[in-house]
Structures are given as structure tokens and as C-alpha cells.
Amino acid sequence: MISLFAGLKQNGLFGDYSYKKIAEFINPFFIFKYAASTVCKNMKLFDKYSDYYTEIQEFIKTLKNKVKSTDKK
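Residue 85 in the numbering used here is what sits at position 58 of the sequence shown, and the numbering runs on without skipping anything.
What follows is the structure, given as C-alpha cells:
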């Protein structure tokens, strides 16, 4: 889940929100075993260490394409 939010952030889908703000927001909802500061650090390292990097990038690309196609209608 941390990887998904990191990917969304890196692709600009959270606007100007910082990693810290996103981590503080999502941490209570998903009950991670880490503090928000660790979630923030892990989000920043997502592209280097995530096993799901490629899959998440493809998912985000698909989302963006669907949004673009609905915007044209």
C-alpha cells in the first residue's frame, strides 16, 4: 500500500502534497506497523526498493490514460 501511494505521489496525482503530509494522512487508516515518519521515508525510496514498482507504474499509466479518454468526451 505504501508503494501505491508513493507511485501516485511521484506521478503528480497528489498535487503539491508532500510525502510527509500523505504519510500522516494515510497512516491512521491503514494501521501500518511503522510510524508516519518511516512511512514517509519508505515512500521516498519506493522507486529504488519496491518489488511492485513496475506494476504500480503500469497501473498509474492506465489510470492517466482513462482520465484523458474521458476528458475528450
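In this text, a Cβ means the ideal position worked out from N, Cα and C, and glycines have one as well. All figures in this text were calculated on a predicted structure; none of them were measured in a lab.
- Following the DSSP letters along the chain, one finds L72 in no alpha helix (DSSP H), marked with neither H nor E.
- Apart from the 5 residues on each side of it in sequence, F59 sits with its Cβ closer than 6 Å to the Cβ of V66 in its chain, given in chain order.
- Comparing C-alpha distances from K91 to each of G34, I29 and M28 shows the shortest one belongs to G34.
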